[in-house]
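Asker: Sharing a structure with you now.
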Amino acid sequence: MRWSEAFIPTLRDDPADAEAISHKLLVRGAYVRQLMSGVYSMLPLGQRVRAKVMAIIKEEIDGIGGQEFLLPQLHPLSIWERTGRIDTMRDVIMSFEDNKGGTVVLGPTHEEIFATAAAELTSYKQLPQLWYHIQTKFRDEARPKSGLLRVREFTMKDSYTFDTDFAGLDEQFGRHFAAYMRIFDRLGMEVVAVKASSGAMGGKDSVEFMAPSDVGEDDVAACASCGYAANLETAESTLEAIADPEGDAEIERFATPGVRTIEDLTTFPGGAAADRQIKTLVYSLDGELALVLLRGDHVLQDQKLMDATGAIEVRPAHGEEISELLGADAGSLGAVGVSDVRILADEALRDRHHMTTGANQNDMHIRGVDVTRDIAAEWIDLRTVEAGEACVVCGEELHVYTAIEVGHIFKLGTFYADKLDMTVLDENGKTIPIVMGSYGIGVERNMAASIEANHDDKGIVWPIEIAPYHVVITVVRPDDERSAEVSAALYEELQAAGIEVILDDRKERPGVKFTDAELIGIPLRITVGPRGLDNGVLEFAERRSGENYEVPMTDAPDRVQAFLDQG
RNA sequence: CGGGACGUAGCGCAGCUUGGUAGCGCGCAUCGUUCGGGACGAUGAGGUCGCCGGUUCAAAUCCGGCCGUCCCGACCA
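In this text, residue positions in the first sequence follow our numbering: the first is 1, and each later residue adds one.
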């Protein structure tokens, strides 16, 4: 490609916002443009990178035996009703009415559709299978942001495995795990695999792949010592035991005028330290009100509440709901003496006594609460792990950091087999459900995440494998006959050797061309100018290392090849 | 879903308070001088001021509605 004929618009003045660097370099650069909220157009350079990312993914999935399909984006509503996911994924599903008045779903993912295809399987002899496609997904995210990191229309490689049993699933899961790690490595990212919540996918175990980044939207709790790592949505930690006072506690009411928060009560005369209080929250779980109890200094993890109860719609109760249920307003709530309401208590409260909590009467609290004696609760892990707490595996200190979720793999089990009648006959002629797994990786998000991990103050530093071009030949003086001849010849030669090269023959000042090449992130720049030509040399500039060196003209193709080979 | 802000040329913005002929920077076009790290000069092109309605002799400006985009929140009772 000749740059002078290409559409490579570089917007140089950058807006002073706190956006992700990838957003700035892609959306304000030569790669993509926003069309509407959460929807982006790929420009030629962006499409080249996207195609390379997809090629890497395809190569790795083919490498573990994947068979490529292409399933549609338009789905009948009925199939989403059969699995019930029209409800569990209602918030993100986009749909429309067709001309016959029927509802068409724009596919947010393809478990149902692949399962429909797999329903055609009839014998255990046909298993295992590994199917995948690379297809557009539509998800109506409440708040798209950070450029390509969180969007409403995006490309995903999603694969699905079908096995006769869980041992088979485990094997396919392991192969995907390894393939995914190879993909992230090739995209130039250091990624940590973490235990995650399966959310609305309808399965049990799942592993998320996290690329640490300040602009990430997920939190990871990790132990540097033993390698334990989990999404904060599921992370656990060991707490130091708290020694409660000896002896039987006796419940005692006391007035606490003006006290509304845990914090207030810690300083109120006769109050209690936060870790000696019971925090009482009221939540609506699919419309049913329930009390959620935590230690005063702990924070509820919504996702744990959802996972433990299976509730889909979880929200804090409204003020009126609370006062109607308990007869008091938030700030004076407690679970003692409450019946006919589901009470969910965090494990950290188990066996505690001499505790303080609200009295269900405004401006009143009670102390001397023995949790076991006074509250009939279901015990669940509900709290959010905090940095500094002890690792459940080795006891060392946990740290918490933000990360971008670049991949997620699920052991789905027989959920879809049960809902969609996906069975085969085993060797005894008995009907058995197909055990399913699903494995997703977002193409554009990985493009953006790769930039987050590969940039400097001059712009993008693409890994060679996904750079839009390998080499740019920068012609300092395109109007100089000798420069034009040499650069054209080199361009032809490199192209003939299968190297992806762009010839910057624009009639711009050299500084502009150097800056653009760096901003866009082309791994190797070869400068052709009168100064070098006088000495029979070309100048190589490596984007990542920043190294500059002269190369005799005749050696250039070999040296380019050597540079690309060394990766 | 709750709260806030913004919408004026391809991009980034001013003008609006106090209604009266549409502005700036970058970019773009032509010419000239330059040109091995974001050149300079001259001359130009380019805008239904998001949309609809209202007030007014007169609306980018005031009022109402709608649409769009962005930000914060949707955990601490």
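Every residue, glycine too, gets a C-beta built ideally from N, C-alpha and C. Small disclaimer: the values here were computed from a predicted structure and weren't measured.
Which of helix, strand or coil does DSSP assign to residue 267?
Answerer: helix
Asker: Quick one: what does DSSP say residue 64 is sitting in, helix, strand or coil?
Answerer: coil
Asker: Spatial neighbours of residue 27 within its chain, please: CB distance less than 7 Å, with the 5 preceding and 5 following residues excluded, ordered by chain position.
Answerer: Cβ contact annotation for residue 27 (same chain, cutoff 7 Å, sequence separation greater than five): 33, 34, 147, in chain order.
Asker: Give me the residue from 49, 139, 364, 350 with the minimum Cα distance to residue 381.
Answerer: 350
Asker: Would you mind sorting residue 247 into buried or exposed? The rule is 16 or more other CB atoms within 10 Å of its CB.
Answerer: exposed
Asker: Quick one: residues in its chain with C-beta nearer than 6 Å to the C-beta of residue 327, no 5 flanking neighbours on either side, listed in chain order?
Answerer: Sequence-distant Cβ neighbours of residue 327 in its own chain, meaning closer than 6 Å and more than five residues away, are 360.
Asker: Which class does residue 155 belong to by DSSP, given the choice of helix, strand or coil?
Answerer: strand
Asker: Find out if the Cβ-Cβ distance for the pair residue 64, residue 443 is shorter than 9 Å.
Answerer: no
Asker: Could you check the C-alpha separation between residue 419 and residue 436 for me, to the nearest Å?
Answerer: So the two alpha carbons sit approximately 12 Å from each other.
Asker: Using CA coordinates, which residue listed in 338, 406, 362 is at the minimum distance from residue 329?
Answerer: 362
Asker: Just confirm the distance between the C-beta atoms of residue 187 and residue 49, as a whole number of angstroms; I'd bet it's less than 8 Å.
Answerer: That belief does not hold up - the Cβ atoms of residue 187 and residue 49 are roughly 10 Å apart, past 8 Å.
Asker: With respect to the beta strand (DSSP E) encompassing residue 230, which residues constitute its N-terminal and C-terminal limits?
Answerer: 229-231
Asker: Fully enclosed by the region 369-435, which beta strand (DSSP E) runs are 3 residues long or longer?
Answerer: 378-380, 398-413, 423-425, 431-433
Asker: Contact defined as beta carbons within less than 8 Å: I believe residue 406 pairs with residue 228. What is the distance between those atoms, to the nearest angstrom?
Answerer: Incorrect: roughly 20 Å between the Cβ atoms, too far for contact.
Asker: May I have a chain-ordered list of the beta strand (DSSP E) segments no shorter than 3 residues that lie completely inside the region 112-167?
Answerer: 129-138, 153-163
Asker: Using three-state DSSP, classify residue 34 as helix, strand or coil.
Answerer: strand
Asker: In angstroms, rounded to a whole number, what distance separates the CA positions of residue 69 and residue 159?
Answerer: 10 Å
Asker: Out of 290, 565, 415, 314, which has the shortest C-alpha to C-alpha gap to residue 377?
Answerer: 290
Asker: Kindly indicate the opening and closing residues of the alpha helix (DSSP H) around residue 491.
Answerer: 481-496
Asker: Note the first and the last residue of the continuous beta strand (DSSP E) segment covering residue 195.
Answerer: 192-195
Asker: Considering just the uninterrupted stretch of the alpha helix (DSSP H) at residue 27, what are its terminal residues?
Answerer: 21-27
Asker: Suppose you measure from the CA of residue 507 to the CA of residue 10; what does that come to, to the nearest Å?
Answerer: Linking residue 507 to residue 10 through their CA atoms gives a straight-line distance of about 16 Å.
Asker: Using beta-carbon positions only, say whether residue 357 and residue 334 come within less than 9 Å of one another.
Answerer: yes
Asker: Can the beta-carbon of residue 254 be found less than 9 Å from the beta-carbon of residue 366?
Answerer: yes
Asker: May I have the straight-line CA-CA distance separating residue 243 from residue 324, to the nearest angstrom?
Answerer: 36 Å
Asker: State whether the region 70-78 contacts the region 98-114, with contact taken as three or more CB pairs (one from each stretch) at a distance under 8 Å.
Answerer: Counting C-beta pairs closer than 8 Å gives three or more between the region 70-78 and the region 98-114, which meets the contact rule.
Asker: Assuming residue 308 contacts residue 285 (C-beta within less than 8 Å), just tell me the rounded distance between them.
Answerer: Not really, about 10 Å apart at Cβ, beyond 8 Å.
Asker: Leaving out the 5 sequence neighbours to the left and right, which residues in its chain are closer than 6 Å to residue 563 when beta-carbon positions are compared?
Answerer: 524
Asker: Thinking C-alpha only, which one of 463, 223, 89, 346 is nearest residue 372?
Answerer: 346
Asker: Should residue 293 go down as buried or exposed, given a rule of 16 or more other Cβ atoms within 10 Å for buried?
Answerer: buried
Asker: Closest to residue 490 by C-alpha separation, out of 462, 445, 529, would be which residue?
Answerer: 529
Asker: Could you spell out where the beta strand (DSSP E) holding residue 279 opens and where it closes?
Answerer: 278-285
Asker: Measure the beta-carbon distance from residue 556 to residue 533 and round it to whole angstroms, keeping in mind my assumption that it falls under 8 Å.
Answerer: Actually they do not touch by this definition, with Cβ atoms about 12 Å apart.
Asker: Going by C-alpha to C-alpha distance, which of 287, 249, 431, 404 sits closest to residue 417?
Answerer: 431
Asker: Can you tell me whether DSSP reads residue 456 as helix, strand or coil?
Answerer: strand
Asker: Whose C-beta lies closer than 6 Å to the C-beta of residue 353 among residues of the same chain, with five residues either side of it excluded?
Answerer: Non-local beta-carbon contacts of residue 353 in its own chain, meaning distances under 6 Å to residues more than five positions away in sequence, involve 244, 249, 370 in chain order.
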